[in-house]
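Reviewing the structure listed below.
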Amino acid sequence: MLYVIYAEDNKDSLEKRLTVRAAHLARLQILKDEDRLVVAGPMPIADSEETGHAGFSGSVIIAEFASLDDAQMWANDDPYVAAGIYQTVTVRPFKRVF
Numbered sequence: 001m002l003y004v005i006y007a008e009d010n011k012d013s014l015e016k017r018l019t020v021r022a023a024h025l026a027r028l029q030i031l032k033d034e035d036r037l038v039v040a041g042p043m044p045i046a047d048s049e050e051t052g053h054a055g056f057s058g059s060v061i062i063a064e065f066a067s068l069d070d071a072q073m074w075a076n077d078d079p080y081v082a083a084g085i086y087q088t089v090t091v092r093p094f095k096r097v098f
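Each residue of the sequence shown is one higher than the one before, starting from 1 at the first, in the UniProt record's numbering.
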C-alpha cells in the first residue's frame, strides 16, 4: 500500500537540514532501490526553482510500506525528525489514481 508522509519544518531550519541531508537522502535511496519510492522532495518557501536562503517549509514522500504502522515507524526514524527539523509529521494512506 502507498502512504504519503507530509512533514512541516520548524522555522529557520535550513542550516540544520543541510547538516543531516546526506543521511536523510540515504534512507530515501534505499526505498528507491527497492522500487518502493513514488516521489520525494522538499517544499520550498520561495515560489522559485532557486530556493536560496529562504529554505523549505517541509517535505512530501509517497512510498510503499506494508502497513500504516510501518510507514509511521519509518517516518519517525528519519534523521530530520531526530535533528528537530520537522515540527510535525503526518502519515496517511494514499491511493494512486494517475
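Each residue gets a CB set at the ideal place from its N, CA and C atoms; glycine is no exception.
For residue i, three-class secondary structure by DSSP
i, result
"Met-1", "coil"
Pair within 8 Å by beta-carbon distance, residue i and residue j
i, j, result
"Tyr-3", "Thr-90", "no"
"Leu-14", "Phe-56", "yes"
"Ala-71", "Val-20", "no"
"Leu-68", "Pro-44", "no"
"Leu-28", "Leu-18", "no"
"Ala-54", "Ala-46", "yes"
"Tyr-86", "His-24", "no"
"Thr-88", "Glu-8", "yes"
Assigned exposure category for residue i - 16 Cβ within 10 Å defines buried
i, result
"Ile-61", "buried"
"Ala-22", "exposed"
Threshold first: 3 residues or longer. Then list the beta strand (DSSP E) segments lying entirely within the segment 34-94, N to C.
37-44, 56-64 and 86-94
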